Amino acid sequence: MDTVAVALHVNGDYVEANVLPRLNLADFLREHLQLTGTHVGCEHGVCGACTVRMNGEIVRSCLMLAAQAHRSSVETIEGMSDSGEIADLQAAFRDRNALQCGFCTPGMLIAAQDLLQQSPQPDREQIREHLSGNYCRCTGYQAIVDAIETIARQRAGRSP
Amino acid sequence: MTPRYPPEMLSVLDRPNSYIGKTVPRPNLDRLMQGRGLYVSDLELPRMAHVVFLRSPHAHARILGIEMSAARRMPGVIAIVSGSELASVITPWVGVLSHLKGLKSAPQSAIAIDRVCWQGEAVAAVVAASRAQAEDAAERVSVEYAALDAATDMLTALDPATPVIHGSLGDNLAFERNHDAGNVDQAFADADAVVEAEFVFGRHTGVTLEPRSVVADWNAGEARLTIYQGTQAPHMVQNIAALHLGLNESQVRVVCKDVGGSFGIKVHIYADEMATYALAKLLRRPIKFVADRVESFNTDIHARDHRCKGRIGVKRDGAITAFEIDDLTGIGPYSMYPRTSAIEANQVVNLVGGPYVTRNYRARARVVFQNKNVMCQYRAVGHPIACSVTESLVDLAAMKIGIDPIEIRRRNLIADDAYPCVSPSGLRFEQLSHHAALAKLVKMMEYDRLRAEQAILRAKNIHRGIGIASFIEVTNPSAAFYGVGGAKISSQDGVAVRLDAQGSVICQTSITEQGQGSESLTAQIVGSVLGVSMDRVRVVLGDTDNTPYGGGTWASRGAGIGGEAALQASKALRKNVLDVAAAILQSTPGELEIVNGRVVSVADGTPRIELSELARIVYFRPDTLPPGIQPELMATRHFVPREYPFAFTNGVQASWLEVDTDTGFVKLLKHWVVEDCGTIINPQLVDEQIRGGVVQGLGAALFEKCVYDERGQLTNANMVDYLVPMPGEMPDIDVGHVVSPTLESELGAKGAGEAGTAGAAAAVSNAVNDALMPLGVTITEIPLTPQVILTALGKI
Amino acid sequence: MKASAFAYARATSVSEALELLVVHGESAKVLSGGQSLMPAMNLRLISPEFIVDIGGLTELGGIAVERGILTIGALTRHVDLLKSTEIAAHAPLLTQAVAHIAHPAVRNRGTIGGSLAHADPASELPACMITLGAVIIARGPLGERRIAAEEFFRGIYETALLPHELLVAVELPVAPEGSTHFFHEFSRRRGDFAIVGLAAQAIVRDGQFVDLRLGFFAVGDRPLLAKSGSKLIGVPVTRTVLSEACSALSEELSPMGDQQATPAMRRYLAKILLARCVGSLLSRADLGLGGEE
């Protein structure tokens, strides 16, 4: 089967590759670029563990072909961590123990950051709504909602 | 801070700068939050190949032949291996334990040989250079089956007309237990009211976000197998892999790095995992198996799936006279290895009626084989069933005689000063706190205010309900759980602590981490006892080459057993350190103490020597020590409870919800838990264990069910159709505590991992029935789907 | 769970995409946002031999209003619909409906064209199209066809599109002056497929319906424009009238059973939805679920 040439930016780095058409973006990130922070939980678009940001918007990387990411800019948890963009959210997750096994956490953090960028002062209901496609089996979600609520307030300049 | 008392008079709970009882962040979370963890699914090794298992589409069928030649020609294929070929490398097993009298099961192979017994059982292993190529080739393997009649319904499993799954066993009855305590018949005769009901519990499963994953690496040069696996019990895996591969345990190393969720799903030995170990040995290269989500639904153990008839007798004054149950559960075609599939039913018998004073209790539990996926222990084994049956019966009795659900519990819960005592099923309770917990719950939830609100809303045709569920939880299991039955599953845990050459501490523990906080609680204990800050304690776990021998993390045992081992090891090391310090300082150990990483004088807190300096002398200049001193800056201790077979905990949960009686939809509004796990090492970690556990129970209550058709086909093996609890529907959960430390250990900690799951579904069921009470409807089935509720309401 | 192998082409124009479809025929699948296609391929429920990726065809994007017609390009994503001020002004029903589609990350990729061409009977947009009287524009090698939404949906995952055609746009009449709408669906969890859903648009004058269009979904093999709505138009709506409309609705439905609901439950919930819709649009709490006066 012929490969497809893709060229994209991943966490700011320019990447060129020839990929099999069937390779999805999650597997491309994990297996070709060794960016294993993007997790694969269900591979049919339900669990949210593979959430990444493409051209500034969150997407499920298991529901995209790597070929579809051609000429895009993809950001993964590794990139968003290194840039410091979500350092406050990560600190809040740590302080609130908003992760246990950590497998859902990269997707949760990216979805949370997406919410806070779009809606700076979400209430708990809006936080739950925005995360409604991200599955966590460990925490029961409350700690995650608490952590995000704390950072929403903090970023809005109010004390928690 | 200056210590005012000799250190030995202080427990670890009150030592200066103790971390015990404090919320401190878990170490090493940054790694997971930055996507820099190492889960088995992330692991790649040189020459590693991927295995995909071709799985039976039939619930029960004879394998007539397997045609592999077309598949072998597919790109990337390395090997295709049948069950009989693999049998040359790995022996079969039988999942029985001798203390579960009469439990029987049949030999199970890593890959089915002549016959498949459930839809999803592996019939061939396809090994290829990539998972995708292995899947491509698996589609080209053609298996000729002769379908056999399947026994799928547990209700008819014992009927003479139902095919016997394993002829050699004679029938489909795997296990039966009968229990009769007190005088049950007389107690029912003496009751003013007797209420009975049949309770139905859906089959559900764990849905760990990271599926089961193994990389097995046989190094033929070393004759050694390294198993990288997300497991809760590395030493158990080591023992069993060695046993069935014909190796010594020293030839097997099990490494367990980050694990994407476990909940009991990853404490068992699965056939496909055994096959992966065997394939590595057979093919002499690393083999990776990562279950995909569909495989997870079809092969991860399922749980619950009980039908239980229950009966309660009650006096007009609210005194419960007796409980009686008849429980039936179907476990699939094999009892799981090595923990067996009889434990859940056994627990149901143990736990029904457990919080209450009545001595009259009769129970029967039957465990039957069926052609469905295997069932075994998942978080809170048996507890949700026992709790739901008990607490529903208590509510039904209260309703029958017209008293409040809180009141009937007050009248019947074992008094907080009545301990130690023995339950009707023979369980020994050291110290529980049902009444204190209930009182705290009533206050937290503002019970009377909620009742008033409920009444006002009922007048507006809004149906809200309050559900209460008291529970007990088995934690800190001793060898009574598995060991006495012959399982090589350790009930003791070990911890080794040592000072490094800069005065930091390395701690190796046999408990494992899947996110509960094992690493944190170990570091908290070690830091507290040794008098060093947590950030100078590095905890090593999950590696049979590098930790003491022990059980791992399951059955709510990590903190209570592993924590005590850490405490005792740290005490021993502290003594060793002070002995050396005394020699160096020409003092006595009793005059010295360790605070903040330095040895200080007990009398006035004067710093005497830094641990880093002490370590430097010991490791690099032992020649300067007084003659005859041989410092031991490493100490190891093991612990297992000996007095009580289990450390029972207790608690009570409440649910507040609204039922839309037009649509059958339930909206969870709020949930409360008060629990007593003894000494709390880290309040936040305990609370989050409770919350996470509650939500798994809420999933069972409202959403989760493995739906099989009558032919034994699992019809919802994906995450679109199998509904897990998601953020949008879950309530906030308030958690409170009562603290009754166990005296079995110096630490006093009991477990907290399963309390949430134990009682959540019972609270929800009771709340739904409370909401529907004005409509005269009682539902005794979970999950409480709109379909179930509308049917009960007679709307459809 | 990896997709079967396939060949792939990134179309650079609609005409190129159409050529590819002609060449590859029924073995080809069009990939737009991929939010329905990718799960099915990952699960190997379908294994197309050829994928035509139309994701880069900017000519298929955009929302425009002209002479009372709202034109929405096929590649318009759910998130674009959700955030569009034109849609909010001229098809507010759509704005409300789109919020119920899956989750944010899916709405960032899924497209209206993909959703309509996929024709899942439980999805929101097909029902909205029939309620709003949309025209679906398909382009084939021989030119464009305009297909009324009611004629477009032919069954589960079946549409009037021919294998060589591409759905390029939809046209909607802008919401009439004074119109009002109702959207609700019963789903087990947020973002799940509906058990039963209703997308309605109405004109109410003096407490009576002058117009009422009821697009039900997940009640059969395709979205249903309920004829029983006509029983409520131009008459004072009483509990009896509502009850009769609900009974008539029941006759129209041919729901299927699945994991979440039996046909009987769907039929029942559709009536509940109709009653709630009427009560909401007429601001009448007294109607309840209908019934005897």
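Chains as they are written, first to last, in the working numbering: chain A, 1 to 160; chain B, 161 to 956; chain C, 957 to 1249.
In this text, a Cβ means the ideal position worked out from N, Cα and C, and glycines have one as well.
Predicted model, so just to flag it, every value in this text is computed and none were measured.
Proximity test, Cβ basis, 8 Å: residue i and chain B
i: residue 160 (chain A); result: Per-residue confidence for residue 160 (chain A) stands at a pLDDT of 46, beneath the threshold of 50, marking its modelled position as unreliable; the derived number appears in the next sentence. With 8 Å as the cut-off, residue 160 (chain A) does not count as an interface residue toward chain B.
i: residue 1116 (chain C); result: no
i: residue 1254 (chain C); result: Any question about residue 1254 (chain C) goes unanswered here, given that chain C covers just 957 to 1249.
i: residue 1215 (chain C); result: yes
i: residue 1172 (chain C); result: no
CB-CB length for residue i against residue j, believed under 8 Å
i: residue 411 (chain B); j: residue 444 (chain B); result: About 14 Å; that fails the 8 Å criterion.
i: residue 331 (chain B); j: residue 324 (chain B); result: 6 Å
i: residue 702 (chain B); j: residue 694 (chain B); result: Not really, about 19 Å apart at Cβ, beyond 8 Å.
i: residue 666 (chain B); j: residue 700 (chain B); result: 7 Å
i: residue 241 (chain B); j: residue 405 (chain B); result: With a Cβ gap of about 15 Å, residue 241 (chain B) and residue 405 (chain B) do not count as contacting.
i: residue 1127 (chain C); j: residue 1094 (chain C); result: In fact, because the Cβ distance is near 12 Å, the residues do not count as touching under 8 Å.
i: residue 462 (chain B); j: residue 866 (chain B); result: 6 Å
i: residue 969 (chain C); j: residue 1031 (chain C); result: Not confirmed; about 13 Å, so no contact.
Span separating the alpha-carbon of residue i from that of residue j
i: residue 967 (chain C); j: residue 56 (chain A); result: 24 Å
i: residue 439 (chain B); j: residue 291 (chain B); result: 15 Å
i: residue 162 (chain B); j: residue 744 (chain B); result: Per-residue confidence for residue 162 (chain B) stands at a pLDDT of 39, beneath the threshold of 50, marking its modelled position as unreliable; the derived number appears in the next sentence. Going from the Cα of residue 162 (chain B) to the Cα of residue 744 (chain B) covers about 22 Å.
i: residue 75 (chain A); j: residue 467 (chain B); result: 49 Å
i: residue 806 (chain B); j: residue 638 (chain B); result: 6 Å
i: residue 340 (chain B); j: residue 485 (chain B); result: 11 Å
i: residue 189 (chain B); j: residue 680 (chain B); result: 10 Å
i: residue 274 (chain B); j: residue 529 (chain B); result: 19 Å
i: residue 875 (chain B); j: residue 307 (chain B); result: 19 Å
i: residue 811 (chain B); j: residue 900 (chain B); result: 11 Å
Limits of the unbroken beta strand (DSSP E) element including residue i
i: residue 893 (chain B); result: 893-897
i: residue 474 (chain B); result: 466-474
Three-way DSSP call (helix, strand, coil) for residue i in this model
i: residue 162 (chain B); result: With a pLDDT of only 39 at residue 162 (chain B), under 50, the local geometry of the prediction cannot be trusted, and no value is derived from it.
i: residue 373 (chain B); result: strand
i: residue 160 (chain A); result: Low per-residue confidence applies at residue 160 (chain A): pLDDT is 46, beneath 50, and the placement is therefore not dependable enough to give any value.
i: residue 999 (chain C); result: coil
i: residue 167 (chain B); result: Confidence is the limiting factor: at residue 167 (chain B) the pLDDT is only 43, short of 50, which leaves the residue's position unreliable, though a coordinate-based value still follows. Helix at residue 167 (chain B).
i: residue 117 (chain A); result: helix
i: residue 104 (chain A); result: coil
i: residue 448 (chain B); result: strand
i: residue 591 (chain B); result: coil
i: residue 155 (chain A); result: helix
i: residue 73 (chain A); result: strand
i: residue 948 (chain B); result: helix
i: residue 1111 (chain C); result: strand
i: residue 208 (chain B); result: coil
Within-8 Å CB hit, residue i to chain A
i: residue 518 (chain B); result: no
i: residue 1044 (chain C); result: no
i: residue 1011 (chain C); result: yes
i: residue 185 (chain B); result: yes
CB contact check: residue i to chain C, cutoff 8 Å
i: residue 75 (chain A); result: no
i: residue 883 (chain B); result: yes
i: residue 85 (chain A); result: no
i: residue 68 (chain A); result: yes
i: residue 886 (chain B); result: yes
i: residue 458 (chain B); result: no
i: residue 108 (chain A); result: no
Span of the alpha helix (DSSP H) around residue i
i: residue 1039 (chain C); result: 1034-1039
i: residue 911 (chain B); result: Taken as a continuous stretch (DSSP letters only), residue 911 (chain B) belongs to no alpha helix (DSSP H), as it is neither H nor E.
i: residue 245 (chain B); result: 243-246
i: residue 678 (chain B); result: 678-690
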